[in-house]
């Protein structure tokens, strides 16, 4: 398809054509160097998050300060680092976020930090993470969960068989509404 410049150009064109006025982050995986951007920011990852995503199974890595500094030097705008986080539901016996590591990585990178795998982390911990440099939280697992449950209920209750309920827009609507409620709850 093309490299970063292709994706960035397409994204910027879409933002302009759609009159989007909010900031949009392009996700530059594994610290690829990027050129100056006008309307898009770029996030780099300095680790492999725990769990399975896109067919890749990662361990719950802890990013080193050296790796954090090396990725931060690639001129990305945001940095995601591993502090024992995972991209799936956390087990009940999870050992928690490594706050000391987060503080050191935030200082080492001198970049706004992103945390992937926040679904299920208690609110008190997320508040503490904000104070230690996290500017962006990814909570996709939790939202996917409520989306799936709402659609399953819609089908299980037979609503897909009523009044053209099989229309994909009608099928996904309960999932979308469930996501909206969950975001308000967060």
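Residue numbers (my numbering): 5 to 190.
C-beta atoms are modelled at their ideal positions from N, C-alpha and C, and glycine is treated no differently.
Here the structure is a predicted model, which is why all the values come from computation and not from measurement.
Selection from the options that minimises the alpha carbon distance to residue i
| i | options | result |
| --- | --- | --- |
| residue 187 | 104, 150, 161 and 163 | 150 |
| residue 140 | 179, 116 and 92 | 116 |
| residue 73 | 138, 96, 91 and 48 | 48 |
| residue 68 | 93, 95, 108 and 46 | 108 |
Heavy atom of the ligand NAD within 7 Å of residue i beta-carbon
| i | result |
| --- | --- |
| residue 114 | With respect to small molecules bound, the structure shown includes none, and the ligand NAD cannot be examined in it. |
Length of the line joining the Cα atoms of residue i and residue j
| i | j | result |
| --- | --- | --- |
| residue 22 | residue 159 | 34 Å |
| residue 75 | residue 16 | 24 Å |
| residue 82 | residue 101 | 19 Å |
| residue 165 | residue 184 | 25 Å |
| residue 256 | residue 124 | Nothing in the structure corresponds to residue 256, since the chain is present only between 5 and 190. |
| residue 105 | residue 98 | 17 Å |
| residue 91 | residue 120 | 7 Å |
| residue 135 | residue 50 | 20 Å |
| residue 170 | residue 144 | 26 Å |
| residue 113 | residue 87 | 14 Å |
| residue 154 | residue 173 | 14 Å |
Range of the contiguous beta strand (DSSP E) that encloses residue i
| i | result |
| --- | --- |
| residue 84 | 82 to 84 |
Bridge partner(s) assigned by DSSP for residue i
| i | result |
| --- | --- |
| residue 140 | 118 |
| residue 66 | 87 |
Delimiting residues of the alpha helix (DSSP H) encompassing residue i
| i | result |
| --- | --- |
| residue 170 | Segment: none, residue 170 is in no alpha helix (DSSP H) and carries neither H nor E. |
| residue 110 | 103 to 113 |
| residue 130 | 127 to 135 |
Environment of residue i [buried if 16+ CB atoms lie within 10 Å]
| i | result |
| --- | --- |
| residue 111 | exposed |
| residue 118 | buried |
| residue 190 | exposed |
| residue 5 | Any reading at residue 5 is ruled out, since the residue's pLDDT is 49, under 50, leaving its predicted position unreliable. |
| residue 133 | buried |
| residue 20 | exposed |
| residue 80 | buried |
| residue 89 | buried |
| residue 122 | buried |
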